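Sequential numbering of the sequence shown, starting at 23, is according to the numbering used here. Comments concern the structure below.
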Amino acid sequence: MSQPLTVTLRILDKEYQVACPPEERYNLEEAARHLDNTMRDIRNRGKVVGVERIAVMAALNISHEMLTGNIQKARLMSDQQQQITELASRLDQALTRHQE
């Protein structure tokens, strides 16, 4: 197992030191960029004041994106499973007719 490394992340003009496994560095940096962009968008709209409130709103927005994406993914997988079941049934029917 590799030793954690310390990564410096810049979020809303402030630096944070975070330890992570070397193989997760890219994902951590991408997550920090996404968070920074989300927080900047919220701040630039001017409706939320204070870093803490901006952070909470960003967390809520990102959580909503994640949950909505998971729901859409589950629906898509359910639809695909239904299509596979229907195709398998049609194939079974065709094979049964062919054998008769």
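C-beta: ideal position from N, C-alpha, C; glycine also. Here the structure is a predicted model, which means the values were calculated and not measured.
- Within the DSSP bridge table, the entry for residue 33 names 36 as partners.
- Here the C-alpha atom of residue 29 lies approximately 25 Å from the C-alpha atom of residue 65.
- Rounded to the nearest angstrom, the gap between the Cα atoms of residue 38 and residue 74 is 15 Å.
- Residue pairing of residue 27 in beta bridges, as defined by DSSP: 42.
- Counting only residues of its own chain and dropping the five nearest sequence neighbours on each side, residue 27 has a CB closer than 6 Å to the CB of 44.
- Membership of residue 91 in the alpha helix (DSSP H) is indicated by the continuous run 73 to 121.
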